[in-house]
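Structure first, then comments.
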Amino acid sequence: MNFGIFSIPYSLDYETGERTVQQIIDWDLQVARWADEYGLSEMFFAEHYTLGREPSPAPDLMIAAASQVTKTIRLGAAAHLLAYHNPIALAHRMMWLDHMTGGRYIAGIAPGAYPTDAQLFNTGEENAKMMTEALDIIMAIWTQEGPYRIEGKYWTVDMPAYSDTVHGPHLKPLQQPHPPLLMTGMQPTSPTLAEAGRRGIRPVSQQVNSGALCQHWETYSRSASEAGHSPQRSGWTICRDILVAETDEAAMDSVLNGALGRTWREHLLPTFRSFGLAGLLGGDAVSEDDLSVEWLAENFWIIGSPDTVVTKLARMQEETGGFGTLLTFSYDYIDDPEPWRRSLELLGKEVAPRVKDLAPSAAEA
Numbered sequence: 009m010n011f012g013i014f015s016i017p018y019s020l021d022y023e024t025g026e027r028t029v030q031q032i033i034d035w036d037l038q039v040a041r042w043a044d045e046y047g048l049s050e051m052f053f054a055e056h057y058t059l060g061r062e063p064s065p066a067p068d069l070m071i072a073a074a075s076q077v078t079k080t081i082r083l084g085a086a087a088h089l090l091a092y093h094n095p096i097a098l099a100h101r102m103m104w105l106d107h108m109t110g111g112r113y114i115a116g117i118a119p120g121a122y123p124t125d126a127q128l129f130n131t132g133e134e135n136a137k138m139m140t141e142a143l144d145i146i147m148a149i150w151t152q153e154g155p156y157r158i159e160g161k162y163w164t165v166d167m168p169a170y171s172d173t174v175h176g177p178h179l180k181p182l183q184q185p186h187p188p189l190l191m192t193g194m195q196p197t198s199p200t201l202a203e204a205g206r207r208g209i210r211p212v213s214q215q216v217n218s219g220a221l222c223q224h225w226e227t228y229s230r231s232a233s234e235a236g237h238s239p240q241r242s243g244w245t246i247c248r249d250i251l252v253a254e255t256d257e258a259a260m261d262s263v264l265n266g267a268l269g270r271t272w273r274e275h276l277l278p279t280f281r282s283f284g285l286a287g288l289l290g291g292d293a294v295s296e297d298d299l300s301v302e303w304l305a306e307n308f309w310i311i312g313s314p315d316t317v318v319t320k321l322a323r324m325q326e327e328t329g330g331f332g333t334l335l336t337f338s339y340d341y342i343d344d345p346e347p348w349r350r351s352l353e354l355l356g357k358e359v360a361p362r363v364k365d366l367a368p369s370a371a372e373a
């Protein structure tokens with residue numbers, strides 16, 4: 009079982025002008041250093057354009073910067089929003105990142121979910137179709153030699169043959185046949201996870217209750233099997249917030265009176281409710297009216313001492329049928345960084361060694 013960090017990043021104080029872009033970037037890079045030092049496996053950066061509380065328009069730049077201050081942790085986007093990029097240019101930036109990171113790059117992809125981002129790029133209702141076409145183009149650029157031509161609805165590729173005059177086209181990924189791909193989903197029967205299964209791409213489940221997670225796996229594994237792939241639970245990644253401290257009481261205090269609790273209280277829980285998604289958190293265990301940060305801290309997130317966290321992780325593995333990697337979101341503990349630093353240290357140094365054998369083996373479906 010592996011652990012990683014997912015930086016959106018969340019920053020309520022940026023929206024109000026109390027945080028600068030530089031502070032947000034510096035904090036993300038500090039978290040990357042800690043995660044690398046304490047042996048976490050992966051760190052991902054999101055891509056959003058219009059969200060003032062989630063400022064992150066350039067995950068490729070964050071990956072590039074983080075690659076220069078870390079040594080072993082794998083770095084990825086979660087995700088490159090393919091509808092908002094020319095896939096020819098993006099395919100080449102992704103290959104460059106693969107080389108820059110020394111083969112530590114993970115290529116997360118998604119269509120883009122926020123209406124205001126889609127409005128900014130004037131993509132209308134076409135994001136999902138654009139993602140599919142863009143991914144086909146990216147895969148061709150990564151794996152096929154020219155000449156060839158792809159004429160799509162949204163983009164056209166006219167790949168030339170190799171020329172001794174210009175000594176190219178020349179670039180291919182460092183990881184062969186290409187960097188690992190992943191796709192994220194939230195809805196129980198997520199079409200994105202179904203597409204991931206069809207293509208044999210690693211699935212990532214967003215932060216939802218265990219019943220919805222089981223539906224995620226069913227959606228993904230059915231689609232994968234129908235396409236001739238062998239779905240493996242060890243390749244399944246789940247997002248769920250984690251905070252570890254020396255005692256349960258200290259961990260709960262750092263959540264409820266710290267950035268994690270504040271972000272959920274002021275931003276995420278209202279957002280889930282406004283999108284009609286609050287039921288994906290509590291499921292049948294609590295009514296949407298009674299759903300609160302306190303309930304989530306006690307019953308949903310993985311909060312507590314190392315012993316408590318290990319127990320909760322074992323229960324989560326049992327409830328979901330098994331998964332390989334757990335990602336915790338990163339929060340703005342800039343003003344009081346020690347609880348977050350210590351949490352990452354305890355997660356990597358004390359929790360991870362005790363749960364490394366909880367997940368199914370690579371051959372187990």
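Numbering-wise, the working numbering comes out as the position in the sequence shown, counting from 1, plus 8. Backbone N, C-alpha and C define an ideal beta-carbon position, used for all residues, glycine too. Here the structure is a predicted model, which is why all the values come from computation and not from measurement.
{"Query": "Touch test, the region 166-182 against the region 122-141, Cβ-Cβ under 8 Å, three pairs minimum", "Result": "no"}
{"Query": "Ser295 versus Val301, Gly287, His224, residue with shortest Cα-Cα distance", "Result": "Gly287"}
{"Query": "Segment contact flag, the region 229-244 with the region 307-323, C-beta cutoff 8 Å, min 3 pairs", "Result": "no"}
{"Query": "Ala99, buried or exposed, once every other Cβ within 10 Å from all chains shown has been counted against 16", "Result": "buried"}
{"Query": "Neighbourhood of Leu221 by C-beta, 7 Å cutoff - its chain only, sequence neighbours within 5 removed", "Result": "Ser213, Ile246, Thr328"}
{"Query": "Stretch pair the region 160-179 + the region 189-199: three plus CB contacts closer than 8 Å", "Result": "no"}
{"Query": "When Gly205, Ser242, Asp44, Leu304 are compared against Tyr228, the one with the closest alpha-carbon", "Result": "Gly205"}
{"Query": "Cut-off 6 Å between Cβ atoms - residues of its own chain near Leu189, not counting five sequence neighbours on either side", "Result": "Ala115, Ile209"}
{"Query": "Nearest residue (CA-CA) to Val263, options Asn217, Ile149, Leu251", "Result": "Leu251"}
{"Query": "Neighbourhood of Glu62 by C-beta distance below 8 Å, restricted to the same chain and skipping five residues each side", "Result": "Ile16, Pro17, Tyr18, Ser19, Ala54, His56"}
{"Query": "Range of the contiguous beta strand (DSSP E) that encloses Gly12", "Result": "10-15"}
{"Query": "Contiguous beta strand (DSSP E) assignments of at least 3 residues, all confined to the region 17-57", "Result": "50-53"}
{"Query": "8 Å Cβ cutoff met for Ala66 and Pro95", "Result": "no"}
{"Query": "Cutoff 6 Å; reference Met103; Cβ partners in own chain excluding five residues on either side", "Result": "Leu179, Pro181"}
{"Query": "Neighbour-count burial assignment, Asn217, 16 or more Cβ in a 10 Å radius", "Result": "buried"}
{"Query": "Sequence-distant residues of its chain with Cβ nearer than 7 Å to Thr151 (five each side left out)", "Result": "Pro185, His186"}
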